[in-house]
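Numbering (UniProt numbering), first residue to last: 1 to 149.
A virtual CB, placed ideally from N, CA and C, is assigned to each residue, including glycine.
Notes follow once the structure below has been shown.
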């Protein structure tokens, strides 16, 4: 009976050790599970942050693409406006040049007509003065002849 009690006591000790070992392993497993769970949650947060960052970058990229397209369209519009403006300026320049030429020709005609009118007036005045001078000289000669007699 002592042996049986000794065996039962050893059996109880072994069972206690096994239970204790199982509890220790269970606690270790639980701790590992928690570590793994925390690690998985951390990785999920990192991935979520990375996905969010990528989504923001993609959104920024799309915004930039939209902006670049808009700027390209604005540049094309400005090119067309510039070409049209240049054509308009060329037309305006040609019109101004033609108008200036017309005014210059008109001025030359007026100047020529004015000069011709002054020339005619001067000729008439010179002829009148010449006639007066001839009359005066003729009268002077007559007086000189009368005095000489």
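- Item | Endpoints, alpha helix (DSSP H) assigned at residue 117 | 2-148
Exercise for the section: Determine the direct distance from the alpha carbon of residue 94 to that of residue 84, and round the result to whole angstroms. Expected result: 15 Å
| If you measure from the beta carbon of residue 87 to each beta carbon in chain E, is any gap under 7 Å? | Here there is only one protein chain, and chain E is not present.
Problem set entry | C-alpha distance - residue 89 paired with residue 71, whole-angstrom precision | 26 Å
(Q) Measuring straight from C-alpha to C-alpha, what distance separates residue 8 and residue 18? (A) 15 Å
**Asked** Alpha carbon to alpha carbon, what distance is there between residue 135 and residue 112?
**Response** 34 Å
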